[in-house]
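Below is one structure, written out as structure tokens, with a few remarks after it.
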């Protein structure tokens with residue numbers, strides 16, 4: 001007489017609703033049908049103390065489906081509904097359904113009607129532009145959980161690369177995020193989202209110069225991504241958005257000496273973000289979805305500056321004001337406020353880049369009004385930002401230091417400093433005013449001296465924070481604005497050293513930028 005169907009049999013048999021003889025490592029049913037025999041990782045649950053005897057009878061079945069007070073599902077229901085997500089022959093363990101992206105309240109009174117949009121008066125460029133609506137309280141639960149209710153058990157090589165990402169590359173992503181969402185959360189989310197896992201593996205492997213592994217993970221990620229884009233609710237898939245901005249970094253690490261960069265996944269990101277477009281965002285919103293969006297903004301600015309074109313962002317976007325500090329403020333609220341102030345200057349910089357490269361023909365008076373709005377916005381940020389954004393040390397350039405020595409307490413403070421200087425560089429360079437068309441070679445005009453004072457401080461903070469890759473990447477694309485103005489050999493050599501070190505230590509491709517600078521600086525013949 002055969003065994004009754006057991007709830008402790010292999011996942012494959014329970015999914016197919018057939019009897020399992022529970023033989024390990026491969027049961028009889030799977031052996032006969034030549035199927036992959038998957039087993040759940042044992043899980044343990046701590047039941048809450050319940051002194052009421054009348055409640056004990058019904059508590060056992062409830063406790064089995066709940067961990068830390070979160071709603072659970074029966075073991076058979078889990079496999080029946082989501083067994084298709086248990087792929088790649090890996091073992092899986094059930095995870096709670098509750099979204100890990102639950103947002104804490106920051107604006108207690110709800111969205112304020114007071115917003116600021118320095119680019120509101122600017123005309124949009126003729127190309128496609130957008131800025132998505134990503135910051136609403138009623139967002140659907142993360143589709144990292146929708147992608148499957150089972151956490152993937154990583155292989156040893158995958159785990160090593162994910163740890164490498166966490167220890168080194170997450171810092172790149174989190175350079176404006178005080179709460180370090182991509183460092184802390186992505187290594188956990190990869191267990192629920194194969195697309196994100198392969199994106200992270202490709203990024204880490206490319207950084208470690210493990211090219212075959214990187215290419216394999218990259219192609220696998222693309223295949224999964226294409227399938228996912230054909231499904232429903234893709235615009236609410238937080239993990240998918242994280243994967244896209246991660247893939248963009250993979251592409252940027254693969255730029256050839258010519259600087260060729262086809263931005264395959266900025267296009268993919270724009271399609272997803274456009275579908276979630278909204279006119280107002282909260283720069284201090286503390287979730288991984290918002291963190292992904294601000295990474296995307298910085299990636300847009302890199303491309304826009306290198307090619308001197310408008311960023312693929314909507315200049316009509318408005319920001320919610322940042323809540324003022326309170327005496328009883330929690331540390332998490334302080335981190336949100338710090339993130340908000342950093343993202344505000346990134347947003348202002350994006351508005352400035354759009355103004356400089358939008359190609360709109362308008363009267364000098366109109367353009368000057370727009371320029372003044374942007375200039376005042378940047379000055380207001382400098383005036384009102386928290387004192388924590390001040391440098392903890394400053395010393396001017398000297399015989400022993402080509403650039404000023406500027407130190408900050410945190411990456412996001414240094415990054416905000418860099419974007420503030422970048423905004424000044426652009427606004428001074430592209431101020432609508434009469435100027436001579438021909439300049440004296442080797443001689444700087446007054447505006448050029450102003451630009452170079454900001455350049456020197458940007459180079460100084462990069463020199464003092466060689467591990468802050470976010471600022472070094474910013475330096476890379478600002479070179480295309482001010483590179484021709486640098487005449488001092490000491491400064492040129494120091495910039496070349498910064499760029500070559502960025503490639504040799506952090507694998508960010510700069511050889512093509514160095515080649516262009518060297519050509520630009522060659523004496524005219």
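Numbering (my numbering), first residue to last: 1 to 525. We put the CB at the ideal spot given by N, CA and C, even for glycine.
Complete alpha helix (DSSP H) runs within the stretch 280 to 354 (minimum length 4 residues, chain order) = 288 to 307
With a Cβ-Cβ cutoff of 8 Å, do residue 313 and residue 350 count as a contact?
-> yes
Going by DSSP, what residues sit across from residue 393 in a beta bridge?
-> 407
I think residue 346 touches residue 294, with their Cβ atoms under 8 Å apart; what is that distance to the nearest whole Å?
-> 6 Å
Residue environment, residue 9, which counts as buried when at least 16 other CB atoms sit within 10 Å = buried
Where does residue 423 land, buried or exposed, given buried means 16+ other C-beta within 10 angstroms?
-> buried
Of the choices 419, 360, 491, whose alpha-carbon is the least far from that of residue 401?
-> 491
Pull up the distance between the alpha-carbon of residue 207 and that of residue 480, whole angstroms please.
-> 25 Å
Pull up the distance between the alpha-carbon of residue 454 and that of residue 378, whole angstroms please.
-> 14 Å
Flag residue 407 as yes when its Cβ comes closer than 7 Å to any non-hydrogen atom of the ligand ADP, and as no otherwise.
-> This structure lacks the ligand ADP, and indeed carries no ligand of any kind.
Minimum C-alpha distance to residue 169 - residue among 237, 245, 390 | 245
Assigned secondary structure, residue 381 (DSSP; H/G/I helix, E/B strand, else coil) = helix
Let me know if residue 359 comes out buried or exposed under the rule of 16 or more other beta-carbons within 10 Å of its beta-carbon.
-> exposed
Give me the Cα-Cα distance between residue 164 and residue 204, rounded to the nearest whole angstrom.
-> 6 Å
For residue 222 versus residue 243, is the C-beta distance shorter than 8 Å?
-> no
For residue 218, which three-state DSSP category applies?
-> helix
Alpha carbon to alpha carbon, how far is residue 179 from residue 286? Give it in angstroms, no decimals.
-> 7 Å
Report the option in 309, 331, 344, 330 whose CA atom is closest to the CA atom of residue 318.
-> 344
Is DSSP giving residue 231 helix, strand or coil here?
-> coil
Put residue 420 into one of helix, strand or coil per three-state DSSP.
-> helix
On the three-state DSSP scale, how would you describe residue 470?
-> helix
For residue 121, which three-state DSSP category applies?
-> Caution applies to residue 121, whose pLDDT of 43 falls short of 50 and renders its modelled position unreliable; the value that the coordinates give is listed next. Three-state result, residue 121: coil.
Work out the CA separation of residue 250 and residue 412 for me, nearest whole Å.
-> 23 Å
What first and last residue would you give for the alpha helix (DSSP H) that runs through residue 531?
-> In the structure as shown, the chain starts at 1 and stops at 525, and residue 531 therefore has no counterpart that could be examined.
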